[in-house]
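Quick note: the sequence shown uses UniProt numbering, first residue 1, plus one each step. Have a look at the structure below before the remarks.
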Amino acid sequence: SLPEFEEWKRDTDNHHTYNIKYYKGLGTSTSKEAKEYFQNMERHRIKFKYGGATDDHHIELAFSKKGADQRKEWLTNHMDEVKRRKEIGLPERYLYTKETKAVSYSDFVNLELVLFSNGDNV
């Protein structure tokens, strides 16, 4: 994720010597890379856990055509929270680790999709 990358960059003095490529989705991957991902599905597949009404609310927030104003507020609140955490020395929150096997829809929307959505607004 982007927060994980930023943390790595902060902790890696020679990060500027790496050739870094941003992957917004599978379409960015080469066919060779895609084959690597799908050869080890156990490692790369992350299941979603449905948590009821809370998950429904967050999915509506992210995708409902009627919720544009709420979505703007959601994105602004996320950016404010990232800034606040940075100011007080807390790491940014991210969803995935190498051990992640399942996530809730709410966590996906609020910790991963929000990054994608903010990326579309830059």
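Each residue gets a CB set at the ideal place from its N, CA and C atoms; glycine is no exception. Predicted model only: the values in this text are computed from it and were never measured.
| query | result |
| --- | --- |
| Cβ contact check for the segment 54-70 and the segment 3-10: 3 or more pairs under 8 Å | no |
| Distance, Glu36 Cα to Glu112 Cα | 22 Å |
| Buried versus exposed call for Phe108 [16 or more other C-beta atoms within 10 Å across all chains shown] | buried |
| Alpha carbon of Thr17 to alpha carbon of Thr28, nearest angstrom | 22 Å |
| Short Cβ contact (9 Å threshold) for Ser117 with Gly51 | no |
| Residue closest to Lys101, alpha-carbon to alpha-carbon, out of His44, Ser31 and Leu26 | His44 |
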